[in-house]
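K.L.:
Chains as they are written, first to last, in this note's numbering: chain A, 7 to 332; chain B, 873 to 1161. All C-beta atoms in this analysis are idealised placements derived from N, C-alpha and C, irrespective of residue type, glycine included. Keep in mind that this is a model prediction, so the values were computed, not measured.
(1) Within the chosen definition, does the segment 271 to 281 of chain A reach the segment 246 to 258 of chain A through at least 3 CB pairs nearer than 8 Å?
(2) Determine whether the Cβ of residue 120 of chain A lies closer than 8 Å to any Cβ atom of chain B.
(3) Anything in the segment 1126 to 1141 of chain B with a Cβ closer than 9 Å to a Cβ of chain A? List those residues in chain order, please.
(4) Would you call the CB atoms of residue 47 of chain A and residue 980 of chain B closer than 8 Å?
(5) What residue range does the alpha helix (DSSP H) around residue 289 of chain A cover?
(6) Put residue 1 of chain A into one of helix, strand or coil per three-state DSSP.
(7) So who's on the other strand from residue 245 of chain A, going by DSSP bridges?
(8) Residues in the same chain with beta-carbon distance under 6 Å from residue 79 of chain A, minus the five sequence neighbours each way, listed in chain order, please.
(9) So which residues on chain B does residue 48 of chain A lean against when the C-beta distance must stay under 8 Å?
(10) If you reduce the DSSP assignment to three classes, tell me which class residue 215 of chain A lands in.
(11) With 8 Å as the limit, tell me which residues of the segment 148 to 163 of chain A have their beta carbon closer than that to any beta carbon of chain B; keep them in chain order.
(12) Given this structure, state the Cα-to-Cα distance separating residue 289 of chain A from residue 74 of chain A, to the nearest angstrom.
(13) Using beta-carbon positions only, say whether residue 1104 of chain B and residue 949 of chain B come within less than 8 Å of one another.
(14) Count the C-beta pairs between the segment 225 to 244 of chain A and the segment 256 to 265 of chain A that are closer than 8 Å, then say yes if the count reaches three, no if not.
(15) Taking 8 Å as the threshold (C-beta atoms), are residue 1082 of chain B and residue 964 of chain B in contact?
(16) For residue 909 of chain B, does the three-state DSSP call read helix, strand or coil?
(17) Below 8 Å on the Cβ atoms is my contact criterion, and I expect residue 815 of chain B with residue 1037 of chain B to pass it. Report the Cβ-Cβ distance as a whole number of Å.
(18) Whole angstroms is fine: what's the gap from residue 76 of chain A's alpha carbon to residue 88 of chain A's?
(19) So, helix, strand or coil for residue 1020 of chain B, using DSSP?
(20) Give me the Cα-Cα distance between residue 993 of chain B and residue 1102 of chain B, rounded to the nearest whole angstrom.
(21) Within 8 Å of any Cβ in chain A, is that where the Cβ of residue 902 of chain B sits?
(22) What does residue 171 of chain A touch in chain B if you count any residue whose Cβ is under 9 Å from its own?
(23) Determine whether the beta carbon atoms of residue 222 of chain A and residue 196 of chain A lie at a separation below 8 Å.
(24) Compare the C-beta of residue 220 of chain A with all C-beta atoms of chain B and state if any pair is closer than 8 Å.
(25) Would you identify the three-state DSSP class for residue 187 of chain A, choosing helix, strand or coil?
(26) Which first and last residues belong to the alpha helix (DSSP H) in which residue 64 of chain A is found?
(27) To the nearest angstrom, report how far apart residue 880 of chain B and residue 886 of chain B are at their CA atoms.
(28) Measuring from the CB of residue 971 of chain B, is there a heavy atom of the ligand ADP at a distance below 7 Å?
(29) Along chain B, which residues have their Cβ under 7 Å away from the Cβ of residue 262 of chain A?
(30) Is the beta carbon of residue 129 of chain A less than 8 Å from the beta carbon of residue 110 of chain A?
(31) Where residue 159 of chain A and residue 1071 of chain B are concerned, what is the direct C-alpha to C-alpha distance, given to the nearest angstrom?
(32) When we look at the beta-carbon of residue 882 of chain B and count the other beta-carbons within 10 Å, is it buried (16 or more) or exposed?
(33) Rounding to the nearest angstrom, what Cα-Cα distance links residue 1048 of chain B and residue 218 of chain A in this structure?
(34) What residues from chain A crowd round residue 1051 of chain B, counting only those whose CB sits closer than 9 Å?
(35) Would you mind stating whether residue 103 of chain A and residue 1090 of chain B have Cβ atoms separated by less than 8 Å?
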């Protein structure tokens, strides 16, 4: 898949870098050409390796260790065995936050995929100014989630908000969005759809446009109508995209996407109705300074996600269709 | 004959009208929040809680935008965000591209595995790493400073950026590299004089991605910045809301808040509109793993 320098097989008289020495086919001083290449390669990626160890691997292992400690920043950490995990898992907020996050996922991911696919189809038309529409769809994702959440807070205001005003105009009795335990999560759902609809649509658009037209022509010759062209060509060829989008969305919801919205719009309420798992970790670690417990929660999430991803990839073999298969 | 032509014309016109109508309807969903926010941001305080909601404020209060700067050191927030963005940008573009160069053009044992590890970081939930990273920052005394926000980017940028660069570099044929090598150029010179000039599009895409990531980041500044003087725009907005009455459900119609939100969005929007071609190209490049 990657292009490789062929010069090992080519003309043996390449002069190289420093000193302009003529080098024989394989050796330059003590180092063969391969080793030299590897050395340069390693040097180039060295910053990343360092960064990975310091900022990713280290903290990852560190948080594992921390999860077995009680640590409040003020004094040294004290080991408490699996206490954090036990207290953590049995806590009501734990199950509540899992429930909230899972519910949100179950609603948001299908809606998101279908919604953005729909938008992609819309954007795939040959219409004048389609590029302008594409920009308009995309803009919400460009602004910060802070700004986006704040904008929607005012629209979703119960008494003076725009949406409820419109709903009343058509005769409905609109809910109290962020103040209602039943409707707070749907409110966040709206904001989420608004934010990711555009980019996801663009991704689908790219996938749609990469389907060769010949397939559709062949299908039309065989007498297929629009619907079966969809069922037998488009959808199967889109399954890889759907596959990736779904798993990335799930991870996003669980890990961080939901955080800013929930933090700003509802603070997790009312009555923990929007208490996402990310809020659980954040509050325990940073508000209550229970860094050990926070780490435990973070690791539980990590393991859960890894398990989920593995299972997902396994299952994926059954329904994802790669053009290379047959 | 003429009648069918006219019918056809009418038919296509209607269909085109319907299509545009549908597009406008969907676009409205995406755009209404912005329009409404603009409207709110220009309203005088007394008019905020109008019912039914009025779109056009009367009078149009431009001073809201100025007052935002009085209530909080908003200009400072702008400056801070710009600073962090610039530093992250430098790190991401310079280090990120070079790391990608290493992955794309050089063979070394473990290369593909390492690259896989790099990508897998993308799937790592930020909060898992955040807690001990926080402690690390505390140990070096970098809490309540802006350094945790940009220093990690000196070490290989962000995985997204490296990935973007690598994919692009892979698509550039090796011929020019070879020619340069025959002329005696070392790997770094090849990088600067061959690859980089040919990579303007991906540099622009990467720059936009990097910029957006920093500008809109909320969690990390929230965790690391304590003093008001250090706030970025994201946290500044939150502070603006707290200043207007604090808490979650209070004063959602604050006019200054909306003006502040607009102020924070304008740079991002401008950059996007200017560079959207590259932005979207970058997204597509990224997704075809």
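P.N.:
On the basis of the data shown:
(1) no
(2) no
(3) 1126, 1129, 1130, 1132, 1133, 1134, 1136, 1137, 1140, 1141
(4) yes
(5) Segment: none, residue 289 of chain A is in no alpha helix (DSSP H) and carries neither H nor E.
(6) Because chain A spans 7 through 332 in this model, residue 1 of chain A falls outside it and cannot be assessed.
(7) According to DSSP, residue 245 of chain A bridges with nothing at all.
(8) 295
(9) 974, 980
(10) helix
(11) 148, 149, 150, 151, 152, 153, 154, 156, 157, 158, 159, 160, 161, 163
(12) 18 Å
(13) yes
(14) no
(15) yes
(16) helix
(17) Residue 815 of chain B is absent from the structure shown; chain B starts at 873 and stops at 1161.
(18) 10 Å
(19) helix
(20) 28 Å
(21) yes
(22) 923, 924, 925
(23) no
(24) no
(25) coil
(26) 64 to 72
(27) 10 Å
(28) The model depicted lacks the ligand ADP and carries no ligand whatsoever.
(29) 997, 998, 999, 1091
(30) no
(31) 42 Å
(32) exposed
(33) 32 Å
(34) The contacting residues do not exist; residue 1051 of chain B stays about 11 Å from chain A at best.
(35) no
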